[in-house]
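Enquirer: Heads up: the sequence shown begins at 1 in the UniProt record's numbering, then just goes up one per residue.
Note that CB positions come from ideal geometry on N, CA and C, so glycine has one too.
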Amino acid sequence: MSSNTRIDVWLVIDSLTFGGIETYVLELAKGLKHHNTSVEVLLIKRYQQRSPLVEKLEKEALPYQYLSDLATQPLFALIQKIKHSPTTLIHAHGYKASLLSKCARVLTGAKQITTYHAGETPTGKVWAYDFVDRYTAFISALSLAVSEKVSQKIPATTLRLNNFIDDSKACVSTGEQIAFVGRLSHEKGPDRFIRCAKTRPDLSFHIYGSGPLEAEISQLAPQNVQLHGHQSNMDVVWKHIGALIICSRFEGLPMAALEAMSRGCIVIALRVGDLPKLITSGQNGYLVDTAAQIADVLRTLEQLTDDERQKISQQAICTVREQFSSSAIIPKLLQLYKESGRQSDSHIEKNTLIK
């Protein structure tokens with residue numbers, strides 16, 4: 001591909017709920033559209049329950065299609081689409097989309113890349129799919145990872161690319177809530193958030209999200225914790241949040257941290273995943289080594305002057321804008337698209353990008 005060649009991109013995903021990968025795909029689609037790149041989201045299967053991602057794509061006037069509507073087998077549907085648009089680049093997210101699109105690449109020679117998102121090791125049948133996906137990474141023209149930990153799990157050369165958000169419409173928060181935002185699952189550590197709340201009965205704590213531990217967390221929650229459940233529109237919630245607590249056991253670079261910091265919310269996070277690459281403790285947020293230290297940071301926040309707190313908030317906003325925004329990342333990704341296209345024009349080969 002020459003530097004002036006138009007790039008058409010398909011973002012492939014299997015989506016039933018709305019989590020970190022869906023957020024990433026939505027932000028990527030919006031960013032590509034803003035940079036005048038033709039983009040379409042391909043959902044592998046139409047489930048009985050409508051994916052929340054679809055509603056958000058429609059709101060942004062972003063085109064999407066279900067592969068299962070085009071053929072009984074999504075792989076056949078993808079191959080047929082490739083035959084009609086052979087120059088389109090396929091960018092897969094999640095193990096199902098990655099395996100499907102790599103099969104299509106082997107059969108058609110299509111230009112295909114995968115972004116690996118998951119840092120934790122899954123269990124059961126998903127473990128096997130995840131294993132095969134990682135150990136076939138060499139098939140892709142390019143493999144991207146959203147964090148160093150994720151990259152280390154891929155037995156092929158990968159390139160780490162920062163998570164990012166569209167911060168252009170983010171309004172600075174004036175809220176004071178202390179919040180947990182995310183899936184209520186073991187790896188996200190909502191139980192740690194509850195323990196922190198119990199140490200500060202004089203403060204109010206808020207949980208936004210749902211998941212397999214929702215009933216358990218509801219039973220454990222003391223009176224100063226309010227569970228708000230799943231939120232279909234976090235934009236109206238962020239303005240109420242002053243401090244976001246991230247107490248995950250495993251993490252890459254959580255989108256919630258970027259969303260919070262882009263609005264000037266102060267993030268208090270455990271030192272996991274790539275959060276130390278995002279947060280410089282005491283400057284644009286706070287990092288702790290143990291969940292018990294979160295309560296100490298809350299006491300520190302109470303002692304800050306308005307000017308000191310404002311300085312941390314502004315540093316957080318600047319960090320996201322300069323390093324983790326669409327305007328900072330999309331141009332780099334478009335260049336990678338062009339380079340992966342050149343690799344794919346000849347034959348399937350393991351990419352040789354330097355980590």
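#1: Look up E40 in the DSSP assignment and give the residues it is bridged to.
#2: Let me check one thing: in DSSP terms, what residues is I79 bridge-paired to?
#3: Thinking I217 and L258 are a contact (beta carbons under 8 Å), I'd like their distance in whole angstroms, please.
#4: Between the alpha carbons of V25 and C265, how many angstroms are there, rounded?
#5: Output needed for H230: all residues of its chain with C-beta closer than 6 Å, excluding positions within five of it in sequence on either side, in chain order.
#6: Give the straight-line distance between the Cα atoms of K149 and Y95, rounded to the nearest whole angstrom.
#7: Using 8 Å as the cut-off, can you tell me whether the region 106-125 makes contact with the region 319-326, which would need three or more C-beta pairs spanning the two stretches below that distance?
#8: Measure the CB-CB distance between I90 and K111 and report whether it falls below 8 Å.
#9: Go through its chain and collect everything with a Cβ distance to P331's Cβ below 8 Å, but skip five positions before and after it.
#10: Taking DSSP as the reference, what is the three-state secondary structure of I207?
#11: Can the beta-carbon of residue 356 be found closer than 8 Å to that of K30?
#12: Between the region 138-154 and the region 164-179, do three or more beta carbon pairs fall short of 8 Å?
#13: Residues in its own chain within less than 6 Å of T305 by CB, not counting five upstream and five downstream?
#14: Looking at the unbroken alpha helix (DSSP H) that takes in Q314, where does it start and where does it end?
#15: With respect to the alpha helix (DSSP H) encompassing Q219, which residues constitute its N-terminal and C-terminal limits?
#16: Taking contact to mean 3 or more Cβ pairs, one atom from each stretch, closer than 8 Å, check whether the region 8-21 and the region 39-54 are in contact.
#17: In the DSSP assignment, the alpha helix (DSSP H) including G229 goes from what residue to what residue?
#18: Can you list, in chain order, the residues of its chain with a C-beta nearer than 6 Å to that of K188? Leave out the 5 residues immediately preceding and following it.
#19: Contact between the region 67-79 and the region 100-111: three or more CB pairs below 8 Å?
#20: First and last residue of the alpha helix (DSSP H) that includes L67?
#21: Cutting at 6 Å between CB atoms, please list the residues of its own chain near Q315, excluding the five before and the five after it.
Expert: Let me lay it out:
#1: DSSP output for E40 lists W10 as bridge partner(s).
#2: Answer by DSSP bridge pairing: none, since I79 is not bridged.
#3: I217 to L258, Cβ: 24 Å. No contact.
#4: So the two alpha carbons sit approximately 23 Å from each other.
#5: Shown here for H230: same chain residues with a beta carbon closer than 6 Å to its own, the five before and five after excluded, namely S210 in chain order.
#6: Whole-angstrom Cα-Cα distance: 17 Å.
#7: Of all C-beta pairs linking the region 106-125 to the region 319-326, fewer than three are shorter than 8 Å, placing the two stretches out of contact.
#8: Yes.
#9: Sequence-distant partners of P331 (beyond 5 residues in either direction) whose C-beta falls short of 8 Å from its own C-beta, in its chain, are H35.
#10: Here DSSP, grouped into helix, strand and coil, assigns I207 to strand.
#11: With the chain represented from 1 up to 355, any question about residue 356 goes unanswered, as that position is not in the structure.
#12: Touching, no, given that fewer than three Cβ pairs across the two stretches are closer than 8 Å.
#13: Cβ within range, chain order: n/a, list empty.
#14: Per DSSP, Q314 belongs to the alpha helix (DSSP H) from D306 to Q323.
#15: Counting along the chain, the alpha helix (DSSP H) containing Q219 begins and ends at E214 to L220.
#16: Here the region 8-21 lies against the region 39-54, with 3 or more beta-carbon pairs under 8 Å apart.
#17: From DSSP, G229 is part of no alpha helix (DSSP H) but of the beta strand (DSSP E) over V225 to G229.
#18: Cβ neighbours of K188 beyond the five flanking positions: G182 and S248.
#19: With the cut-off at 8 Å, the region 67-79 and the region 100-111 touch.
#20: Taken as a continuous stretch (DSSP letters only), L67 belongs to no alpha helix (DSSP H), as it is neither H nor E.
#21: Leaving aside the five residues that flank Q315 on each side, the residues in its chain whose CB is nearer than 6 Å to its CB run, in chain order, Q283 and N284.
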